[in-house]
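Numbering (this note's numbering), first residue to last: 82 to 261.
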Ligand code: NI
């Protein structure tokens, strides 16, 4: 956080089948896995292109998504776009590899449709809700220079990772101010 590339709109990808894009995606997956993350956008490794990678852990999937997505599935999407189907908002916990050590409760659309191009040039289109929808919204935000902190109307719902259980179990009340 603080590097200008994270605050810049990323450039559209002209040819998702280009070999250098495959190498970039491999770098991103490696970075994501090494950091124990579930998603990454190209600007997070300093490349201002509209490319995201993500996975939805089995235990975070909605019941309706359980069978159509295998356990190790990794999604790599160029030029992803989101259509909101249900704006919600729903609050849920997020962290970000570009903002290490923190977690926040972030409002997101409850249900979305998203589409983008895979590295073989084909188009992928899915509907998503729950954690899946949250991950996609978080990563696509990165392509527009937006961080999850920008989406938080209440920074009392921000905590260090090792204190995050407090804000998860007992979100601060809107009208109450605590001294400690
Ligand atoms: Ni992030």
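For every residue, glycine included, the Cβ atom is placed at its ideal position computed from N, Cα and C. All values derive from a computational prediction rather than experimental measurement.
task: Answer with buried or exposed for residue 155, where buried requires no fewer than 16 other C-beta atoms within 10 angstroms of its C-beta.
output: Around the beta carbon of residue 155, a 10 Å sphere encloses fewer than 16 other beta carbons of the protein chains shown; the residue is thus reported as exposed.
query: Rounded to a whole number of angstroms, what is the C-alpha to C-alpha distance between residue 217 and residue 185?
result: 16 Å
task: Report the three-state DSSP secondary structure of residue 249 (helix, strand or coil).
output: helix
query: According to DSSP, is residue 102 helix, strand or coil?
result: helix
- request: Kindly provide the ranges of any beta strand (DSSP E) runs that are 3 or more residues long and lie completely inside the stretch 118-195, ordered along the chain.
  value: 120-122, 132-135, 156-167, 171-175 and 183-189
message: So for residue 115, helix, strand or coil by DSSP?
response: helix
query: Grouping DSSP H, G and I as helix and E and B as strand, with all else coil, what is residue 199?
result: The answer is coil: DSSP assigns residue 199 none of H, G, I, E or B.
query: If you compare alpha carbons, which of 173, 222 and 212 is closest to residue 245?
result: 173
The beta strand (DSSP E) enclosing residue 205, as first and last residue numbers: 204-210
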